[in-house]
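Under this note's numbering, the first residue of the sequence shown is numbered 13, with each subsequent residue one higher. The beta-carbon is built from N, C-alpha and C at its ideal position, and this holds for glycine as well. On a predicted model such as this, the values are computed, not experimentally measured, just so you know.
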Amino acid sequence: MPASQPVTVVVTTFNRAEYLSRLLGSLDRLDPAPAAIVVVDNASTDTTDDVLAAASQSLSIPLTVHRLVTNAGGSGGFSAGVERALTEGAQWLWLMDDDVEALPGALNAFAPWMGEYRCLHGRRWDHTGEPFFWQHRFNAFLGVHFPVHGNVFAKSPVFRTNVGCFEGMLVHADAVRTVGLPDPRFFINGDDTTYGWLIAQREPVVYIDSFVLRKARPQKQIDLGVRHLNDSSNLARYCGMRNRGHLARYLKVNGRFNRFGFALGTALTTAKEVLRLAAVERTLTGLGSLWNGWRESRRILHDPEWAPMPALNPSRKDAE
């Protein structure tokens, strides 16, 4: 990788000290290595402090720890981490959760494409060593992202999409400045999809046919043929439904909101979550979380004080 394109890894962590330690170790073994690591500690209460203290002494990569006084969720953590990384002079930001591991040669896999694209994703193995499918496209009419059937890399090593995933997104600082920081109001669920879509309104967002990460944390899941469906939580269900309110507002700002299509998309989202409850988790006790989230989404949709995240100071290239 050219020395002129250093990569800063931004990790958000909350009470997963063991997984965080494994992730940091995998980053330290990369060759070429990242230029820096920024870890946002989302007010963890386990031994995360000890892991980060040890890492600050043992890592060969400069480590910045950004501690939050309260848990701001994945969305708030990545928003704070991206902002901190930009303050530290990051040029490229590689965003990832704390429960993955970087694969050898990951940055070399990205390198050939970094002169052509400014928002990239690599592929990911799941914890069993099987490919995890996360190649989707967002349908603005419905406000829903759908998996793309078949081998999306059959004819090209690059798959163009219009969504993002914070479990591995590599994004240029200038692209971040153009769309602004990730929106912390999402807390969890849907923030990265929306962020990728916002970038895609301005420039290409792609996946490359190279495995760069491995999921370290086991998850219950079923294979639906066109996608995997993981287990979830009542908090994620609530936020996922509530955040449709934020998504609708972003669609409106970009002139892409259709009231009837979005209502249909909300019905499809509800059906997917009911399927997740019944088929993956084998319970229906999360239905109340879906209902409460939907009610809150209605409030957000009609909030007169809601505003999108503002753009940051763009580079000269983006300002022209």
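- Leaving out five residues on either side along the sequence, give the residues of the same chain with a beta carbon under 6 Å from the beta carbon of Arg254. Cβ neighbours of Arg254 beyond the five flanking positions: Gly305, Glu308, Ser309.
- Message: So, for Gln17: in the same chain, excluding its five sequence neighbours on each side, which residues have a beta-carbon less than 7 Å away from its beta-carbon?
- Response: Closer than 7 Å at the Cβ level, and outside the excluded window around Gln17, lie Gln103, Trp104, Met126.
- Message: Report the start-end ranges of each beta strand (DSSP E) in the stretch 99-133 that is 3 residues or longer and not cut off at the edges.
- Response: Counting only runs of 3 or more, we get 104-109, 112-114.
- When the distance is taken between beta carbons, is Thr205 closer than 8 Å to His157? Contact: yes.
- Query: Any chance the stretch 285-305 sits against the stretch 62-79, with 3 or more Cβ pairs inside 8 Å?
  - Reply: By the Cβ test, the stretch 285-305 is not in contact with the stretch 62-79, since fewer than three Cβ pairs between them sit closer than 8 Å.
- Query: In chain order, which alpha helix (DSSP H) runs of at least 4 residues are fully inside the stretch 193-237?
  - Reply: Segments of the alpha helix (DSSP H) lying fully in the stretch 193-237: 203-212.
- Item | Separation of Thr25 from Gln51, as counted between CA atoms | The sequence shown places Val at residue 51, rather than the Gln named in the question. Pairing Val51 with Thr25, the inter-Cα distance amounts to about 7 Å.
- Message: Do Ala121 and Val217 have their beta-carbon atoms positioned less than 8 Å apart in this structure?
- Response: In this structure, Val217 sits away from Ala121, with a CB-CB distance that is not shorter than 8 Å.
- Message: Which same chain residues end up closer than 6 Å to Gly89 when comparing Cβ atoms and leaving out the 5 residues on each side of it in sequence?
- Response: Cβ neighbours of Gly89 within its own chain (closer than 6 Å, five residues either side excluded): Thr24, Val52, Asn54.
- Per-residue DSSP class, three states only, for Asp43: Looking at Asp43 - three-state DSSP - the assignment turns out to be coil, as it is neither helix nor strand.
- Item | CA-to-CA distance, Glu113 to Arg28, given in whole angstroms | Each residue's CA atom was taken as its position, placing Arg28 and Glu113 some 13 Å apart.
- Under the three-state reduction of DSSP, which class applies to Thr82: helix, strand or coil? Coil at Thr82, not helix or strand.
- Message: Can you give me the C-alpha to C-alpha distance between Ala47 and Asp203, rounded to a whole angstrom?
- Response: When the Cα atoms are used, Ala47 and Asp203 turn out to be separated by approximately 26 Å.
- Item | As assigned by DSSP and simplified to three states, the class of Asn54 | In this structure, Asn54 counts as coil in the three-state DSSP scheme.
- Message: Using C-beta distances below 7 Å, list every residue in its chain close to Ala405, excluding the 5 sequence neighbours before and after it, in chain order.
- Response: Nothing can be reported for residue 405, as the shown portion of the chain is limited to 13 through 332.
- Query: With distances taken from CA atoms, which of Trp137, Leu98, Glu285 is nearest Tyr250?
  - Reply: Ranking Trp137, Leu98, Glu285 by CA distance to the CA of Tyr250 puts Glu285 first.
- Task: Report the rounded CA-to-CA distance for Asn83 versus Lys167, giving the unit in angstroms.
- Result: If I take the Cα positions, the gap works out to 43 Å.
- Who are Thr24's beta bridge partners in DSSP? Answer is Val52, Asp109.
- Message: Among the candidates Ser87, Leu64, Ser68, Ser56, whose CA atom is the shortest distance from the CA of Val81?
- Response: Taking only the C-alpha atoms, the option nearest Val81 is Ser56.
- Message: For a quick check, are the C-beta atoms of Asn266 and Gln213 less than 8 Å apart?
- Response: Against a cut-off of 8 Å, the Cβ pair of Gln213 and Asn266 comes out as a contact.
- Task: For His258, name the three-state secondary structure that DSSP assigns.
- Result: In this structure, His258 counts as helix in the three-state DSSP scheme.
- Is it right to say Arg271 is buried, meaning 16 or more other beta carbons lie within 10 angstroms of its own, or is it exposed? Answer is exposed; the Cβ neighbour count stays below 16.
- Task: Check Arg149 in the structure and name its three-state DSSP category.
- Result: When DSSP states are grouped into helix, strand and coil, Arg149 belongs to the strand group.
- Message: Report the start-end ranges of each alpha helix (DSSP H) in the stretch 258-299 that is 4 residues or longer and not cut off at the edges.
- Response: Fully enclosed alpha helix (DSSP H) runs of 4 or longer: 271-287.
- Give the single residue among Gly273, Thr297, Arg261, Leu296 whose Cα lies nearest to the Cα of Ile312. If we check each option's Cα against that of Ile312, Arg261 comes out closest.
- Message: Here's the rule: buried if 16 or more other CB atoms are within 10 angstroms of the residue's CB, otherwise exposed. What is Ala334?
- Response: Given that the chain is displayed from residue 13 to residue 332, the structure contains no residue 334 and the question cannot be resolved.
- Rank His258, Met181, Phe274 by C-alpha distance to the C-alpha of Pro196 and give the top, closest one. Closest by alpha carbon: His258.
- Query: Given a threshold of 16 other Cβ atoms within 10 Å of its Cβ, counted over all protein chains shown, does Asn325 qualify as buried or as exposed?
  - Reply: Asn325 comes out exposed.
- Message: I need the boundaries of the alpha helix (DSSP H) containing Leu64, first residue and last residue.
- Response: Leu64 -> alpha helix (DSSP H) spans 60-70.
- Item | Other residues of its chain near Phe150: CB distance less than 7 Å, five sequence neighbours each side excluded | Excluding positions up to five away in sequence, the list reads His157, Asn174, Val175, Thr205, Trp209.
- Item | Whole-Å CB distance - Ser72 paired with Phe199, under 8 Å assumed | Contact between Ser72 and Phe199 is ruled out by a C-beta separation of about 34 Å, above the 8 Å threshold.
- Item | Separation of Thr60 from Glu128, as counted between CA atoms | Rounded to whole angstroms, Glu128 to Thr60 spans 37 Å at the Cα level.
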